[in-house]
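Comments concern the structure below.
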Amino acid sequence: MALAALSLLAVPVSAQPTIDYSPIVRNLVENYAVPKSAVLAETFAKLPEAIDAACADPASAEKKAAFANAFRESVDAYVRVAVLRFGALADENRLERLAFIPDARSVVRRQVDRLMAKPDPKATKPEGLREKSVALQGLSALEWVAFSSHGDVVLDGSSEKGAFACGYAGAIAARLTNTAENLKEAYGKGEGQTGLLLSPSPENPLVKTQKEAVEEVFNALLTGLALLRDQVLERVLEQSDPRARAARAPFSRSGNEFVYLAGGLGALGEAIAAGGFVEAAPEDGRWLSGSLSFENKLAVDALNGFSEPLSAVLGDEKARRRLEVIALGTANFRDLMGKQLAGYLELSGGFNALDGD
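Heads up: the sequence shown begins at -19 in the numbering used here, then just goes up one per residue.
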């Protein structure tokens, strides 16, 4: 299903004070992007040891569980950064290097399967892996090589094929840690696109005014929401085999689909608050703070309430209806953000970076 374009509908704002856009992007970078990138780097740094331990002792349920937990924490930390989709994330293909999402054409599966069928020793070294396709480098590739279709950890260094898989998994973990460290540094120092967004001017090739900078990051957040709602929730709720539909959700192979969805939606609420978007709106738009928070918390809490895998949820009529209600709630959140908040802030836009995927 193609993504519908998100329209930013204007609310009449005549006779209202001039909006001060200047603090928003800096607030979002300093209060959200920098600390969340630091958490991401710290979380990814735990993966190499967990991979090594599981590979060295494949019979240990404890070590497999430790890796699965480290991976789950990595998914949560990843999506809380990935929803930003602007600044340092947009430089050097960092967003795609962290995880190749969306992946409607199963590029990760096909490329990882091809690599496993014809092993390339370069893929077991971080520097060699960096030269390969970004689809082979991220968290989604690590999931495919480390988990079975039933969600079991299959890291096992005792065979030749298993040793290659373990070496490849270790290289992915090293690349992820390096990318996250670079991301943290780039946001913190205001490098690349981040610097351009923080310093709009007539000579700036990206944004000329503070308002344009805010529009750029706001549309990026809306694209992050569209990925979660339109490309995941809406698609898995289409009528077809529950297992096939569940497989469309990122990180469903490892059983972390709800971690991804809940973390992403929660992150959007946190990012809006950290940026001070509502505080920048005219006084009569301040009601949005409570409404955005309410709709966001409702959806996140409901997603965290599922204990069964997505395939089981989709196959159970009562549980499926709960998921449909969540999808409707995210539509309310989208309208509050993309119509009401955008209108009060006099933002224009509607470009959807994922349209057509």
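Don't be surprised by glycine CBs; every beta carbon is placed ideally from N, CA and C.
Note that the structure is predicted; figures quoted are calculated from it, not measured.
*Where are the alpha helix (DSSP H) runs, 4 residues long or more, that stay fully inside the stretch 176 to 238, in chain order?*
190 to 208 and 222 to 226
*Sequence-distant residues of the same chain with beta carbon closer than 7 Å to G256, five excluded per side*: P3, I4 and N7
*If you follow the alpha helix (DSSP H) that G295 is part of, which residue opens it and which one closes it?*
L290 to G295
_For V14, list the residues DSSP reports as bridge partners._
Note: V14 sits in no beta bridge, so no partner.
*What are the boundary residues of the alpha helix (DSSP H) that D281 is part of?*
L268 to N284
*What number of angstroms, rounded off, separates the C-alpha of S179 from the C-alpha of Q173?*
10 Å
*asked:* If contact is defined by three or more beta carbon pairs under 8 Å, each pair taking one atom from either stretch, is the stretch 11 to 29 in contact with the stretch 163 to 171?
replied: yes
*Kindly give me the distance between the Cβ atoms of V87 and A115, rounded to whole angstroms, as I take these residues to be in contact under 8 Å.*
5 Å
*Quick one: using the 10 Å Cβ neighbour count with 16 as the cut-off for buried, is A84 buried or exposed?*
exposed
*Using only alpha-carbon positions, find the residue among A48, A307, K98 and A160 that is nearest to Q117.*
A160
_Among the candidates I252, G318 and E237, whose CA atom is the shortest distance from the CA of A206?_
G318
*Can you check whether the CB of V63 is closer than 8 Å to the CB of A251?*
yes
*Are L278 and G309 close, meaning C-beta to C-beta below 8 Å?*
yes
*Within the same chain, show all residues whose beta-carbon is closer than 8 Å to that of L283, passing over the 5 residues directly before and after it, in chain order.*
F238, L241, A242, L245 and I306
*Beta-bridge partners of V133, as assigned by DSSP*: F127
*Check the C-beta distance from A34 over to F47 and give it rounded, since I have them as a contact under 8 Å.*
4 Å
*Is the stretch 182 to 199 in contact with the stretch 138 to 150, if contact means three or more CB pairs nearer than 8 Å?*
no
*For F127, I'd like the list of residues in its chain whose CB is within less than 7 Å of its CB, leaving aside the five on either flank, ordered along the chain.*
V133, V134, R233 and S234
*Is there contact between the stretch 218 to 230 and the stretch 260 to 277, where contact requires at least three CB pairs shorter than 8 Å?*
no
*Take D281 as the anchor and find which of A247, L268 and D264 has the nearest alpha-carbon.*
A247
*For G240, does the three-state DSSP call read helix, strand or coil?*
Reading the sequence as shown, one finds Tyr at residue 240 and not Gly. Y240: helix per DSSP, three-state reduction.
*Using DSSP with H/G/I as helix, E/B as strand and the rest coil, what is A261?*
coil
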